[in-house]
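J.: Pasting a structure here, questions to come.
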Amino acid sequence: MALKDVREVKEENTLNEKLFLLACDKGDYYMVKKILEENSSGDLNINCVDVLGRNAVTITIENENLDILQLLLDYGCQSADALLVAIDSEVVGAVDILLNHRPKRSSRPTIVKLMERIQNPEYSTTMDVAPVILAAHRNNYEILTMLLKQDVSLPKPHAVGCECTLCSAKNKKDSLRHSRNDYEELARQCKMFAKDLLAQARNSRELEVILNHTSSDEPLDKRGLLEERMNLSRLKLAIKYNQKEFVSQSNCQQFLNTVWFGQMSGYRRKPTCKKIMTVLTVGIFWPVLSLCYLIAPKSQFGKIIHTPFMKFIIHGASYFTFLLLLNLYSLVYNEDKKNTMGPALERIDYLLILWIIGMIWSDIKRLWYEGLEDFLEESRNQLSFVMNSLYLATFALKVVAHNKFHDFADRKDWDAFHPTLVAEGLFAFANVLSYLRLFFMYTTSSILGPLQISMGQMLQDFGKFLGMFLLVLFSFTIGLTQLYDKGYTPKEQKDCVGIFCEQQSNDTFHSFIGTCFALFWYIFSLAHVAIFVTRFSYGEELQSFVGAVIVGTYNVVVVIVLTKLLVAMLHKSFQLIANHEDKEWKFARAKLWLSYFDDKCTLPPPFNIIPSPKTICYMISSLSKWICSHTSKGKVKRQNSLKEWRNLKQKRDENYQKVMCCLVHRYLTSMRQKMQSTDQATVENLNELRQDLSKFRNEIRDLLGFRTSKYAMFYPRN
157 MALKDVREVK EENTLNEKLF LLACDKGDYY MVKKILEENS SGDLNINCVD VLGRNAVTIT
217 IENENLDILQ LLLDYGCQSA DALLVAIDSE VVGAVDILLN HRPKRSSRPT IVKLMERIQN
277 PEYSTTMDVA PVILAAHRNN YEILTMLLKQ DVSLPKPHAV GCECTLCSAK NKKDSLRHSR
337 NDYEELARQC KMFAKDLLAQ ARNSRELEVI LNHTSSDEPL DKRGLLEERM NLSRLKLAIK
397 YNQKEFVSQS NCQQFLNTVW FGQMSGYRRK PTCKKIMTVL TVGIFWPVLS LCYLIAPKSQ
457 FGKIIHTPFM KFIIHGASYF TFLLLLNLYS LVYNEDKKNT MGPALERIDY LLILWIIGMI
517 WSDIKRLWYE GLEDFLEESR NQLSFVMNSL YLATFALKVV AHNKFHDFAD RKDWDAFHPT
577 LVAEGLFAFA NVLSYLRLFF MYTTSSILGP LQISMGQMLQ DFGKFLGMFL LVLFSFTIGL
637 TQLYDKGYTP KEQKDCVGIF CEQQSNDTFH SFIGTCFALF WYIFSLAHVA IFVTRFSYGE
697 ELQSFVGAVI VGTYNVVVVI VLTKLLVAML HKSFQLIANH EDKEWKFARA KLWLSYFDDK
757 CTLPPPFNII PSPKTICYMI SSLSKWICSH TSKGKVKRQN SLKEWRNLKQ KRDENYQKVM
817 CCLVHRYLTS MRQKMQSTDQ ATVENLNELR QDLSKFRNEI RDLLGFRTSK YAMFYPRN
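Quick look at the structure:
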């Protein structure tokens, strides 16, 4: 390819223009000034560019010659993206000069200007890189402050899916479409910035102000605001957006520990034996404690029970009682009703139903306050929903069977989908999920918590692997079924088929399900290879050979390749969690703790289905307020209450702004101290020294009159 094919054809600069650009590059202020003063006729193009496409302003900014930059701007030199070049080079002085020299114009550029920005090749950046965005990318606080003081802000983004002219042009020229690594690096920097900013808090009061702040677009709890209740909305937002560094920060964790134990703060200083005795006492007498809170929730004893730590123990004891009832259910099973097609519900069934109703009511309240999206994001809520649904279906089928069937018959004569049999199967599966739900209690342990988190991540990876495995299994199942199903006729009636028989044969391949079973259990060596090559008759040598080839290929693809791939994926997931064990565990523990901080579900099942005096008082209070709001006195009182609420909200916002300003100043001070402590001779320092020496040399030469001709710099003397 010829050079002219890739190089844009431009007119060559004149000798004066070359001299002008060279003087700007060398930082010769007096030569630049002399050339500009002699350009009265306008023969010199002051906006000319060099072979690299840089004009005088860009060259001056890159070399940090601020005096020459001011001189060029005074003489009307222009650059398409001078401000962006100055920000990208992090030349603070140049940014200040350009902002002060910036012509007054509308803050909203027209569509024509923006479209010109897209198509114009003179711009070194695309239109989606604004000055504020570029300063944020460079992490330069000083430049960012200067831009904001000059009202240089970001334009309001358009709605998702906007099809206007500007958005269509942006989509065609999207420069960040394939920049996932850049986005991830920016996200990491944002997370670390939030963490470092929170680390500047010096006391619990500042942490409380930060973590309880509510933005203007978030729903407000007016009653909680008036009662100065701790809502931790900023912490909930950090958990929602997976800000693990922020949540696991030591100050945040210390504050969470204080809120978690509340009035039980002395529990942490007790010896281990007393801690165990306290937990066992609360776990045994949890029904009495629940009744005490039900009767007097505002008493001193009720406030202790309302502590998140006590709520966790009481809820855990209630759930262990539910599991104990499940074990008793199998022990009190009546053998006389084994062949009853529609057995009646026992007393223990009614106890289990009470617990299940209580757990369902707890999930409904959580769903109401959190919303469907946030509720389903928690795997603990998903497991609880499935478990409760299975229990409801179980007892519903038992009631149907009891009302519909009253006969006695041997179980082997029952229909395969008899309601009682289906209910027993669902009940067994629900029992498995009930015990697996205990895994989420391991999160509070520093030993078992990381293992539980690793297992959850491994299950997600196994789901990805399952997509590949099912495709391979389906492919080989289709092939073997088509190979062995043709012309198959059962010779004798048997109670078993294929791998489920003691004498295995390939009669299992006459159905799709049978082939799936054979291939699946073959992975665990529970299906013999003979079932793939056994012939129906001695004349089917080719069919036997094809079956052997298929099973050999399946053995290589699944047993060797995919199985080893699964092991590698699980090892990678475990290693990833192990490398950030402390952060992952603290984040998961904070999510669990946060579910016990509010007062939505204080009582455990089944006591939560009993209307408490607190709930009745809230209902009466809300009803009386609604009635009084329609009277003249009520309207005045309501206006006063709203005024009080607004004043309190404004006061909290002002307090938040003060605290944030203090944190920002401390953060900048600490960053400045770190930079000073590691201050060494860098490239920037050397460039600055070189520019100062060059400027000093030019001043001396001009004062002594060594430069006899303006072309002397092209031909320096020896």
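Just so you know, the sequence shown maps onto residues 157 to 874 in the working numbering. All residues carry an ideal CB built from backbone N, CA and C; glycine is no exception. Note that the coordinates shown come from a computational prediction; the quantities given were computed from them, not determined experimentally.
1) Where does the unbroken alpha helix (DSSP H) through Y185 begin, and where does it stop?
2) Within a Cβ cutoff of 7 Å, which residues of the same chain sit near T599, ignoring the five residues on either side of it in sequence?
3) Rounded to a whole number of angstroms, what is the C-alpha to C-alpha distance between V820 and L532?
4) Leaving out five residues before and five after K739 in sequence, what residues of the same chain have Cβ atoms less than 6 Å from its Cβ?
5) From the DSSP output, in three-state form, read off F99 for me.
6) Leaving out five residues on either side along the sequence, give the residues of the same chain with a beta carbon under 6 Å from the beta carbon of N537.
7) Pick from K347, C346 and V248: whose alpha carbon is nearest that of L300?
8) Which value, in whole angstroms, describes the spacing of the CA atoms of D352 and G581?
9) Please state if the CB of P762 and the CB of W511 are separated by a distance shorter than 8 Å.
10) Report yes or no: do the segment 212 to 225 and the segment 177 to 186 share at least 3 C-beta pairs separated by less than 8 Å?
11) Would you tell me roughly how many angstroms separate the C-alpha atoms of K720 and I603, rounded to the nearest one?
12) Mark N413 as exposed unless 16 or more other C-beta atoms lie within 10 angstroms of its C-beta, in which case mark it buried.
13) Exposed or buried, E220, counting other C-beta atoms within 10 Å across all chains shown (16 or more means buried)?
14) Is I765 closer than 8 Å to W442 when the C-beta atoms are compared?
15) Tell me which same chain residues have a C-beta within less than 8 Å of the C-beta of E246, skipping the five on either side of it?
16) Determine the direct distance from the alpha carbon of I243 to that of L171, and round the result to whole angstroms.
17) Just to confirm, is the Cβ distance from I733 to S610 under 8 Å?
18) Just to confirm before moving on: does the CB-CB distance between G612 and S535 stay below 8 Å?
19) Can you tell me whether DSSP reads T496 as helix, strand or coil?
20) Going by C-alpha to C-alpha distance, which of I395, F583, G623 and M543 sits closest to L592?
21) Tell me the rounded alpha-carbon separation between N883 and Q829.
22) Take V365 as the anchor and find which of E341, D809, V555 and D566 has the nearest alpha-carbon.
23) Grab me the residues of A350's own chain with a C-beta within less than 6 Å of its C-beta, minus the 5 sequence neighbours each way, in chain order.
24) Am I right that S590 and L482 are in contact with their C-beta atoms under 8 Å? What's the rounded C-beta distance?
25) Under three-state DSSP, which class holds N211?
26) Let's test the definition: count the other Cβ atoms within 10 Å of the Cβ of E362 and tell me whether it reaches 16, buried, or not, exposed.
27) Should the segment 306 to 324 be called in touch with the segment 338 to 345, which here means at least 3 C-beta pairs below 8 Å?
28) Suppose contacts are defined by Cβ-Cβ distances below 8 Å. Is D566 in contact with M497 by that definition?
29) Can you tell me where the alpha helix (DSSP H) with R536 in it begins and where it stops?
30) List the endpoints of the continuous alpha helix (DSSP H) containing R336.
31) When the Cβ atoms of the segment 542 to 561 are set against those of the segment 569 to 587, are three or more pairs found closer than 8 Å?
32) Are the CB atoms of M187 and L255 nearer to each other than 8 Å?
33) Pop quiz: I191 and L175 are said to be a contact at Cβ under 8 Å. What is the actual Cβ separation, rounded to whole angstroms?
34) Comparing C-alpha positions only, which one of R853, L750 and F852 sits nearest to L367?
35) Suppose you measure from the CA of L480 to the CA of V488; what does that come to, to the nearest Å?
36) Which residues in the same chain as A837 place their Cβ atom closer than 6 Å to its Cβ, once the five residues preceding and following it in sequence are excluded?
T.: This is what the structure gives:
1) Position 29 of the sequence shown, counted from the first residue, corresponds to residue 185. Run containing Y185: Y185 to E194, per the alpha helix (DSSP H) assignment.
2) On the sequence shown, position 443 is the one that residue 599 refers to. G605, Q608, A744, R745 and L748, listed in sequence order.
3) In the sequence shown, residue 820 corresponds to position 664, counting from 1. In the sequence shown, residue 532 corresponds to position 376, counting from 1. In a straight line, the C-alpha of V820 is about 36 Å away from that of L532.
4) Your numbering for residue 739 matches position 583 in the sequence shown. Contacts found: K400 and S404.
5) A question about residue 99 goes unanswered here, because the residues of the chain that appear run from 157 up to 874.
6) For the purposes of this step, residue 537 is taken as residue 381 along the sequence shown, with counting starting at 1. Setting aside the 5 residues that flank it on each side, N537 is surrounded in the same chain by F531, each with a C-beta closer than 6 Å to its C-beta; the list follows chain order.
7) Along the sequence shown, read from residue 1 onward, the residue named residue 300 stands at position 144. By alpha-carbon distance to L300, the top candidate from K347, C346 and V248 is V248.
8) The count along the sequence shown starts at 1 and reaches residue 352 at position 196. The count along the sequence shown starts at 1 and reaches residue 581 at position 425. A direct Cα-to-Cα measurement between D352 and G581 gives close to 53 Å.
9) Taking the sequence shown and counting its residues from 1, the one referred to as residue 511 is at position 355. Taking the sequence shown and counting its residues from 1, the one referred to as residue 762 is at position 606. It is a contact, given that the beta carbons lie within the stated cut-off.
10) Judged by Cβ distances under 8 Å, the segment 212 to 225 makes contact with the segment 177 to 186, as three or more pairs qualify.
11) Mapped onto the sequence shown, residue 720 falls at position 564. Mapped onto the sequence shown, residue 603 falls at position 447. Distance between the alpha carbons of K720 and I603 is about 28 Å.
12) Within the sequence shown, residue 413 is the residue found at index 257, counting from 1. Here N413 is exposed: its Cβ has fewer than 16 other Cβ atoms, across all protein chains shown, within 10 Å.
13) The count along the sequence shown starts at 1 and reaches residue 220 at position 64. Only buried fits E220, as 16 or more other CB atoms lie within 10 angstroms of its CB.
14) Position 286 of the sequence shown, counted from the start, is the residue given in the question as residue 442. Position 609 of the sequence shown, counted from the start, is the residue given in the question as residue 765. Here W442 is not near I765, since their CB atoms are 8 Å or more apart.
15) Along the sequence shown, one-based indexing puts residue 246 at 90. For E246, where only same-chain residues beyond five positions count, the Cβ hits under 8 Å are R294, N296 and I299.
16) One-based indexing of the sequence shown puts residue 171 at position 15. One-based indexing of the sequence shown puts residue 243 at position 87. Those two C-alpha atoms are separated by around 31 Å.
17) What you label residue 733 is simply residue 577 of the sequence shown in a count that begins at 1. What you label residue 610 is simply residue 454 of the sequence shown in a count that begins at 1. Going by C-beta atoms, I733 is nearer than 8 Å to S610.
18) The residue given as residue 612 occupies position 456 in the sequence shown. The residue given as residue 535 occupies position 379 in the sequence shown. Yes.
19) Numbered from its first residue, the sequence shown carries residue 496 at position 340. T496: strand per DSSP, three-state reduction.
20) Residue 592 sits at position 436 when you count from the first residue of the sequence shown. Looking at the Cα atoms, M543 is the closest of the given residues.
21) No statement about residue 883 is possible, as the shown extent of the chain runs from 157 to 874 and does not include it.
22) In the sequence shown, counting from the first residue as 1, residue 365 sits at position 209. Comparing C-alpha distances from V365 to each of E341, D809, V555 and D566 shows the shortest one belongs to D809.
23) As a working mapping, residue 350 is identified with position 194 in the sequence shown. Within the same chain, A350 has close Cβ partners F402.
24) In the sequence shown, counting from the first residue as 1, residue 590 sits at position 434. In the sequence shown, counting from the first residue as 1, residue 482 sits at position 326. Contact between S590 and L482 holds: CB atoms are separated by about 6 Å, below the 8 Å threshold.
25) For the purposes of this step, residue 211 is identified with residue 55 of the sequence shown, where counting begins at 1. DSSP places N211 in strand when its eight states are reduced to three.
26) Within the sequence shown, residue 362 is the residue found at index 206, counting from 1. Buried is the call here.
27) By the Cβ test, the segment 306 to 324 is not in contact with the segment 338 to 345, since fewer than three Cβ pairs between them sit closer than 8 Å.
28) Looking up residue 566 in the sequence shown gives position 410. Looking up residue 497 in the sequence shown gives position 341. Not closer than 8 Å, so no.
29) Residue numbering aside, residue 536 sits at position 380 when the sequence shown is read from its first letter. For R536, the enclosing alpha helix (DSSP H) has its first and last residue at S535 to K560.
30) As a first step, residue 336 is located in the sequence shown; it is residue number 180 there, counting from the start. Looking at the DSSP string, the run of the alpha helix (DSSP H) that includes R336 is R336 to L354.
31) Output reads yes: the segment 569 to 587 touches the segment 542 to 561.
32) For the purposes of this step, residue 187 is identified with residue 31 of the sequence shown, where counting begins at 1. For the purposes of this step, residue 255 is identified with residue 99 of the sequence shown, where counting begins at 1. No, the Cβ-Cβ distance between M187 and L255 is not below 8 Å.
33) Working through the sequence shown from its first residue, we reach residue 191 at position 35. Working through the sequence shown from its first residue, we reach residue 175 at position 19. A Cβ-Cβ distance of about 7 Å is found for the pair I191 and L175, placing them in contact under the 8 Å criterion.
34) Position 211 of the sequence shown, counted from the start, is the residue given in the question as residue 367. Nearest of R853, L750 and F852 to L367, Cα basis: L750.
35) The count along the sequence shown starts at 1 and reaches residue 480 at position 324. The count along the sequence shown starts at 1 and reaches residue 488 at position 332. Looking at the two C-alpha atoms, the distance is approximately 12 Å.
36) Walking along the sequence shown from the start, residue 837 turns up at place 681. Its pLDDT being 49, under 50, A837 is placed unreliably in this model, and the coordinates cannot settle the point.
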